[in-house]
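In UniProt numbering, the protein residues as written are 1 to 60.
Inspection log for the structure reproduced underneath, given as structure tokens.
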């Protein structure tokens, strides 16, 4: 595994929930793709897939 990902508290495939426990989807990437990303790329939906960019500070 990439050592920069090991230091990061989020990994691809992690479930992401909103503050009200609503399911936002799962992590499929990071932006920018660097040592310390500012946003998570979250994918939601089965038939109509959506990609959301969630600021790291908005996730607990």
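The beta carbon of each residue, even a glycine, is placed where N, CA and C say it ideally should be.
Check: CA nearest to the CA of residue 9, picked from 32, 36, 20 and 19; Outcome: 36
Check: Residue 39 versus residue 52 - alpha carbon distance; Outcome: 9 angstroms
Check: Spatial distance of residue 14 from residue 31 (CA atoms); Outcome: 16 angstroms
Check: Close beta carbons around residue 26, own chain, < 7 angstroms, minus the five adjacent residues each side; Outcome: 13, 14, 15, 16, 42 and 43
Check: Rounded C-alpha distance that separates residue 46 from residue 33; Outcome: 25 angstroms
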